[in-house]
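Report on the structure given below.
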Amino acid sequence: MKNCYINGIGNVSIQSVDFDLFKSEAAGIQILNKAQQPSYKDLIAPAMSRRMAKGVKMGIYAANNALFNAKMVDPQAVIVGTGLGCIEDSEKFLDAIIENDEQFLTPTAFIQSTHNTVAAQIALHLQCKAYNFTYVNGANSFESALFDAFMQLKHFNKENILIGGVDEIAPYTFSMYEMIGKVKQSGEEVNFKNPQTKGIALAEGATFFALSNNKTNNSYAEVLDVMLFNAFKDDETTEINTFLNKNNLSVTDLDVVFFGVNADAHQQEFYNRINTVFNEIPQGYYQHISGSYDTASAFGLKVAAEIIQKQALPKSVQYNNIEPTKIEKVLMINQFNNTDFSFVLLQSC
Numbered sequence: 004m005k006n007c008y009i010n011g012i013g014n015v016s017i018q019s020v021d022f023d024l025f026k027s028e029a030a031g032i033q034i035l036n037k038a039q040q041p042s043y044k045d046l047i048a049p050a051m052s053r054r055m056a057k058g059v060k061m062g063i064y065a066a067n068n069a070l071f072n073a074k075m076v077d078p079q080a081v082i083v084g085t086g087l088g089c090i091e092d093s094e095k096f097l098d099a100i101i102e103n104d105e106q107f108l109t110p111t112a113f114i115q116s117t118h119n120t121v122a123a124q125i126a127l128h129l130q131c132k133a134y135n136f137t138y139v140n141g142a143n144s145f146e147s148a149l150f151d152a153f154m155q156l157k158h159f160n161k162e163n164i165l166i167g168g169v170d171e172i173a174p175y176t177f178s179m180y181e182m183i184g185k186v187k188q189s190g191e192e193v194n195f196k197n198p199q200t201k202g203i204a205l206a207e208g209a210t211f212f213a214l215s216n217n218k219t220n221n222s223y224a225e226v227l228d229v230m231l232f233n234a235f236k237d238d239e240t241t242e243i244n245t246f247l248n249k250n251n252l253s254v255t256d257l258d259v260v261f262f263g264v265n266a267d268a269h270q271q272e273f274y275n276r277i278n279t280v281f282n283e284i285p286q287g288y289y290q291h292i293s294g295s296y297d298t299a300s301a302f303g304l305k306v307a308a309e310i311i312q313k314q315a316l317p318k319s320v321q322y323n324n325i326e327p328t329k330i331e332k333v334l335m336i337n338q339f340n341n342t343d344f345s346f347v348l349l350q351s352c
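Residue numbers (this note's numbering): 4 to 352.
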């Protein structure tokens with residue numbers, strides 16, 4: 004059976020373009036957090052860039068950086084996960100329908116609004132005619148893409164695959180989230196360790212990975228296993244132990260566990276319960292740096308891979324006060340709204 008290595012990473016997030024987890028101080032989290040847009044002029048022709056959705060541009064930029072980082076030229080698949088796709092263009096098209104009384108509509112916004120636009124535009128940019136797939140599966144959208152790539156590298160004839168997660172913010176969608184209480188209300192504290200109010204701190208971003216079954220001198224980490232599901236068959240502790248046992252591991256074999264805590268008091272209950280399982284293990288978190296969106300777990304994978312490569316857990320992402328003595332095995336646990344659960348197991352390479 005072949006392996007699955009992370010050989011390159013590219014990212015656009017709410018942090019500065021040159022943000023370094025080990026050197027930079029992260030910008031503070033607000034209730035609404037927009038991505039810091041890099042310069043696209045050297046990568047995308049200005050005429051094309053003006054017509055492209057924000058998510059598409061972020062995706063192309065992050066994908067290009069991941070490939071460059073891995074020295075990968077021609078991926079054999081492009082697989083993207085997204086929760087809302089190019090929602091901003093969807094809103095533009097719906098607004099145009101209303102404003103123009105359903106007449107004289109230009110199709111550009113509609114064409115650019117479909118969920119598979121990001122993967123398609125990346126393939127066009129790379130002139131990649133290989134397998135191209137988009138997963139839309141809520142907070143498990145990125146994990147679905149990761150699982151697909153993982154299986155293809157492990158069991159099929161793929162050697163190099165580009166995957167990523169991307170989501171963007173749109174005004175009307177944000178206002179709807181406010182109405183239903185999905186995001187925090189104005190003036191409420193955003194606390195990721197001890198949240199007192201419901202709602203998330205909404206954000207956007209794109210994180211891409213160049214995966215390969217060939218290890219290089221610059222490989223970040225190896226993906227050992229991926230599991231995603233909508234609900235636990237048994238209690239949380241049993242499910243976690245079953246997953247670890249499948250990989251011939253126990254909780255004590257883990258060096259760091261990463262939680263996808265998102266500052267929502269209601270959702271925090273899940274992490275408080277499983278925290279008892281890992282109370283003697285070094286813990287990390289990441290959404291206080293990335294903000295929360297459907298594919299924020301892609302940013303979490305970036306953080307986990309970087310700490311494995313650097314063999315250091317920065318204070319800025321420590322969830323408890325336990326320092327790791329080494330970082331070889333890392334488990335990521337994510338969920339949203341007590342559904343869309345996922346486990347991702349990494350190891351050093």
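The C-beta atom is built at its ideal place from N, Cα and C for all residues, glycine as well.
- Bounds of the alpha helix (DSSP H) holding residue 306 are 299-313.
- Selection 206, 220, 224, 243 evaluated against residue 231 yields 243 as nearest (Cα-Cα).
- The Cβ atoms of residue 35 and residue 203 do not sit closer than 8 Å to each other.
- As a beta-bridge residue in DSSP terms, residue 295 pairs with 205.
- Counting only unbroken stretches of 4 or more residues, the alpha helix (DSSP H) elements lying wholly within the segment 159-220 are 174-183, in sequence order.
- For residue 194, the closest alpha carbon among the candidates 37, 136, 289, 24 is that of 289.
- Counting along the chain, residue 228 sits inside the beta strand (DSSP E) bounded by residues 224-232.
- Closest in C-alpha terms to residue 88, from the list 165, 138, 104, comes 138.
- As for any alpha helix (DSSP H) of minimum length 4 sitting wholly inside the segment 4-58, the runs are 49-54, ordered along the chain.
- In this chain, the beta strand (DSSP E) harbouring residue 288 covers 286-288.
- Exclusion of the five residues before and after residue 338 leaves 142, 263, 270, 273, 344, 345 as the residues of its chain whose Cβ lies within less than 8 Å of its Cβ.
- Per DSSP, residue 262 lies in no alpha helix (DSSP H) segment; the continuous beta strand (DSSP E) that holds it begins and ends at 259-262.
- In the displayed model, residue 80 falls within a strand according to three-state DSSP.
- Between the alpha carbons of residue 305 and residue 23 lies a gap of roughly 12 Å.
- In this structure, the CA atom of residue 76 is about 42 Å from the CA atom of residue 278.
- Using a Cβ distance threshold of 8 Å, residue 208 and residue 16 count as a contacting pair.
- For residue 164, the closest C-alpha among the options 11, 252, 267, 336 is that of 11.
- In this model, residue 247 and residue 146 are separated by some 18 Å (Cα to Cα).
- Taking C-beta separations shorter than 6 Å and ignoring five residues to either side along the sequence, the partners of residue 314 in its chain run 330, following chain order.
- Burial is judged here by how many other beta carbons sit within 10 angstroms of a residue's own beta carbon; residue 49 has fewer than 16 and is exposed.
- Residue 258 holds the alpha-carbon nearest to the alpha-carbon of residue 325 among 258, 108, 238.
- About 24 Å separates the CB atoms of residue 211 and residue 112; that is not less than 8 Å, and the two are not in contact.
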